[in-house]
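Protein chains in written order, with the working numbering: chain V, 1095 to 1886; chain E, 1095 to 1886. Following: one structure in structure tokens, then a few remarks.
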């Protein structure tokens, strides 16, 4: 939101103001502020050119504080400012107050379409067509004299939610002085000492505002000559920790209902409980704010190149590294890997740095425009301060703040009593079950701690990448005959069995959905281009090396398996249909594990999932193998285990023929990653080449891999669910793509009538909360009393 | 269909038959035939083991003809045959006639599920669940004596359709002797001389049968002791040439209606008019039959390896080469390229040889099981004959026949009067318009000759691969800035303009649909792995070569553009949205060409097509550029041209939001290649790894890239058509994927209410015929009189 203060002043009225106030310094200061703000917001003149003139004036007149400039000095500044305006616009600074107002109004309307506003709306999913409003207020002057001032505050602590009056102010100042950081604002508690009456009024007013709006307020005020004016109040932004604490407190204070409390916390914010955060006791010097690209906190010493990061990490020079870059690229990966946190001055929420760090679960502040980085000079400049390699910095990836110096970090505390209280309300309200994607017992335990009601996706291939298994996996793939392949599978069987045993044991009687082998086989082999280069080098240097023959043998098979579009090639159930012995082996491992676990007194709840089906025929063929193996194992072991066989629904065709698939399949689980890829015809691995342009131009409102596309992919999901249930009334339907942990997508799943969502363990809290909110929102639609908030 | 003759004979009844017929040779011959056929069909004993025993006996007894074996010699054969049965089955040859009958009946039923039958059904799209019947007939003996015999025939010539009595027979023989080719059958005209009465009866009977069934008949008969017995009659198989000729003749003979005539020709058969065929005047020695993998004819000298083919082609040793391989692989491509025709002994209709030759438009007979090929010895054996390199062979890819020696080939004759007459009937009946996919004026002219009513798909990228353009295209891609890119595009503009001018001129006032740039950019750059290998070699041998720097520069950009799944990456309108200057250039070229053509007196009918849209936003963004350029060009040139802007519908999401797209788009053209890829999640380039297993196991009934998947992809097409027309009543809807030339798919398009199909020029006749048949079939449904064929 742009603000233009002091509007209406001109060469004539400024003299009147000087006379009337008896304070010429104040009048000229207000006029020069008008020209500066108007120049910046309305006339698009770079702010720093005004700042430069002002700084020069202060230097020339030996003024340390802005307020020390004399009226004469300020008049000089005004002349210089007006010259600057003429130079930039070819016209004089407008003297007619009406014209000033019209131009300012138009500039505010125009600002709706500037890049910054567009990006903000995109990140916050605000519709471009909403439009903005212009508010015209009478001026009160915080810079009138020493009994005037201005400040901002919160009715509660926005960082931790504690019920304390919180804020800061400056005497003899206007609004932007508090925000801009040129003068250091004073904690609001000081106001109580300086102007107890005003302080009392402020406390009274703001707590009435909080009661009226039934939410924590973020307010701005100005004091003119000892009299308090409220400029603005709004519901305050807050961290997840604060949101939960405040929601609970407000229920206890009878301000809001429990339903409202559950709706008050953004599901994504709950993630704040799962990442380290900064301990902000004492003074915190925020240097700048960038984009909150990847949540969490990092405190470390700065380094300017990835290579240097790797070097100091290996030497152990710095224990914790903050990698500072203009922007990152794939070559920086090694450096990013050893860093505790990443700070970039360019790039947005989908920049390389943002994507990679979120994948790594590492804190990142991206696109901090106020930070200038020179990796040649190894210098970082921000707000006039210069930082060098080894200087300490604290990053808050949850809010995007860059903080000077070395703060402590607070560890994760999932046993936080606020969280436990809040999540119990959440779970009482949600109807969707929430499961976790987990492949190994450790992750499964973690998932249970975060409230998982089962494993919704166990990817069996992840087990094959382990060092002791890869050779057998490779032997299986390189096999030329079914016999050779069976021999290699025979080695893998006991390992898979042990994996499944571990997982089923941990999960007790919770459901465990095991997906059969899914990825393209070449993922397990050396890369084709690496082999080609290796061979080319050897042939040029050691043409008689015996290694060449072996390399050629592997290359031959790699070439055979080489695929132009692996996402659309030999994977999923296509593997099990082409090589049925793979499905047989996996079924053996699963059922033998289940029987063993059941014998040890547990009650495994087993669901076997066939991936990437396009229709009922594939399902039938694979299910027949599974049922056959189950029968054999149960007879041999003298004990049978209940199980279901179902399928991933991750291709448009499967959605279209879902009724036919459901005739045999006992459950559906939507693989929305693949379903999004095929519905859009966009590969998630390749979309970074054009997705930025799409988001920039507003062609996509959101990255469809992050937020489920309800119109396209969602239509297919609803179609498949309805068709599936038309053929099998009790068909169990869930989702196990990454959308299963994204709030809007979870809410969609609730509305589409799914039974559960499955997501990565760290997204479980978010998914549970989103599910509860969806249930409450649905109730509201059917109960108008709830809709208007009159239920309390 | 399996036949078992002489059933019921055993050790006792054979003696009675000998006595009753007074011809022991005949009786023992019949008995040994029974054991052989029963052994083969019922007991699964390899046929060649019987043949070996029989051949040895003939050698031992100095018999040249089968009929020269004495009763005693035949008795020896019977003993040896019975031993063979005991050896293979562990049981005596069954003596009980009832048991023989039961076993034979079961074997015929079983045969429904053997591999050969399954493959046949798959190739001919016959449902697996139909089942078969067993027919039990009283025996008559063509091998009784010299006034007995057996034969097969057709009421018309099945090769060219001429109305002539056509067939062959053998005296003193049983049915399989005629077919097996051990004895050479005699043309049926001989029967007129030998047994004029029987011949007259046969002619009379078969012409009555033809009238009764109202179609050309394929019949089998046996003569026992001078008396004629009809064994079987059925509608005859015929070539496309014959089908058309017969259909026309039968209309003239008042046997069938014109509607029926149009339905009588298989749309794929019409292709026979467009490929060379063998001139079959004189005797034709069919060596064996394989699969008709790629239609047409080839006459040439045989060569056994691809390398040899390339060598003799370069030397000019043989003018026409037939490449003979057990099966082909990608290494054989060069050899296949120089050959006139390909013959393989293994592999089916979707084998490498079949796929590649169909793509090349080259004749191929594949999977000829009776042919044994030894490429080490450079020998081909078939039916006891041995062929060496340089021997002449004639292949008929339309029927799968392999013919000994050097036949002449008949050139293509599109002005064939039969064809013209037939197609005029076709065009009077069809409702779908038929357009062609063509990129250059030459192809457009060809398409017009085959009846194209416009160009349904002009792929502009094909123009960029030309040698004089590639460097500019590469410069455009390698450009680092928009300016550099615009400079390169500036070079391409006049070339594109000239292309479009040529095309629009040729097509007159017919519609021409031009698709904007579609393929991934890296297709125009050197291959990544080639660069890597080149660099690796240079670095090992000439590390200071100046070429290295340039190679690295190209590699860098190639790496940037490298995509894991190019089908799902930066292509289609994503190019134009990421680099709008490409769309601008293409629009300029198109409109400038159209204006020039219009000024020269023509009336171009222009449709610009935006590829790969996922929703209305992309369409709007690209259409805005196109309309802007059109406006500029029309003003500058002082003349405007009518045009439409529409889109390819080739992604599932586009089908789902088709109503929103149609709010702006003036036409839809289904790109069913891509739509099939994304609906199934299967890449056409990679499916050869698992499609054979899918077809083999019956999981897919057909290759969905060859025959449109009506259930899945078809549902999306219908959805998009209905949604699109709900938003824009006069929306023009067509299809331009390769399915546009496949009969079943064309019929689907008719039923789905499309306006047109567009296919490659050589598929136009097929598409026209299929469209007419669809119209007639639809009428039948609504007019029961037509349905029962009573309309005549």
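Even glycine gets a Cβ: it sits at the ideal position worked out from N, Cα and C.
8 Å Cβ cutoff met for residue i and residue j
i: residue 1519 of chain E; j: residue 1352 of chain E; result: yes
i: residue 1720 of chain E; j: residue 1739 of chain E; result: yes
i: residue 1757 of chain V; j: residue 1825 of chain V; result: no
i: residue 1598 of chain V; j: residue 1698 of chain V; result: yes
i: residue 1764 of chain E; j: residue 1811 of chain E; result: yes
i: residue 1261 of chain E; j: residue 1245 of chain E; result: yes
i: residue 1741 of chain V; j: residue 1704 of chain V; result: yes
i: residue 1381 of chain E; j: residue 1496 of chain E; result: yes
i: residue 1300 of chain V; j: residue 1387 of chain V; result: no
For residue j and residue i, the rounded distance between their alpha carbons
i: residue 1885 of chain E; j: residue 1853 of chain E; result: Residue confidence is low: residue 1885 of chain E scores 38 on pLDDT, short of 50, so the model does not pin down where it sits. Its coordinate-derived value is still stated next. When rounded, the distance between both Cα atoms is 33 Å.
i: residue 1883 of chain V; j: residue 1875 of chain V; result: Model confidence at residue 1883 of chain V stands at a pLDDT of 43, short of 50, so the residue's coordinates are unreliable and nothing is read from them.
i: residue 1618 of chain V; j: residue 1564 of chain V; result: 7 Å
i: residue 1724 of chain E; j: residue 1674 of chain V; result: 58 Å
i: residue 1668 of chain E; j: residue 1712 of chain E; result: 8 Å
i: residue 1187 of chain V; j: residue 1168 of chain V; result: 17 Å
i: residue 1770 of chain V; j: residue 1798 of chain V; result: 7 Å
i: residue 1605 of chain E; j: residue 1214 of chain V; result: 46 Å
i: residue 1776 of chain V; j: residue 1785 of chain V; result: 10 Å
i: residue 1431 of chain V; j: residue 1401 of chain V; result: 11 Å
i: residue 1389 of chain E; j: residue 1164 of chain E; result: 47 Å
i: residue 1588 of chain E; j: residue 1204 of chain V; result: 40 Å
i: residue 1628 of chain V; j: residue 1624 of chain E; result: 13 Å
i: residue 1513 of chain V; j: residue 1554 of chain E; result: 60 Å
i: residue 1256 of chain V; j: residue 1358 of chain V; result: 16 Å
Residue i classed as buried or exposed, judged by whether at least 16 other C-beta atoms fall within 10 angstroms
i: residue 1106 of chain E; result: exposed
i: residue 1238 of chain V; result: buried
i: residue 1313 of chain V; result: buried
i: residue 1466 of chain E; result: exposed
i: residue 1482 of chain V; result: exposed
i: residue 1833 of chain E; result: buried
i: residue 1329 of chain E; result: exposed
i: residue 1181 of chain V; result: exposed
i: residue 1427 of chain V; result: exposed
i: residue 1320 of chain E; result: exposed
i: residue 1123 of chain E; result: buried
i: residue 1471 of chain V; result: exposed
i: residue 1130 of chain E; result: buried
Residues sharing a beta bridge with residue i, DSSP
i: residue 1843 of chain E; result: In DSSP, residue 1843 of chain E forms no bridge with anything.
i: residue 1471 of chain E; result: In the DSSP output, where bridge partners are listed per residue, residue 1471 of chain E has none listed.
i: residue 1642 of chain E; result: Looking at the DSSP assignment, residue 1642 of chain E forms no beta bridge with any residue, so it has no partner.
i: residue 1323 of chain V; result: V:1316
i: residue 1704 of chain E; result: E:1741
Using a Cβ cut-off of 9 Å, which residues of the region 1736-1767 of chain E contact any Cβ in chain V, in chain order? 1744, 1745, 1746, 1747, 1748, 1749, 1750, 1751, 1754
Listed in chain order, which residues of the region 1629-1652 of chain V have Cβ atoms closer than 7 Å to some Cβ of chain E? 1630, 1631, 1634, 1635
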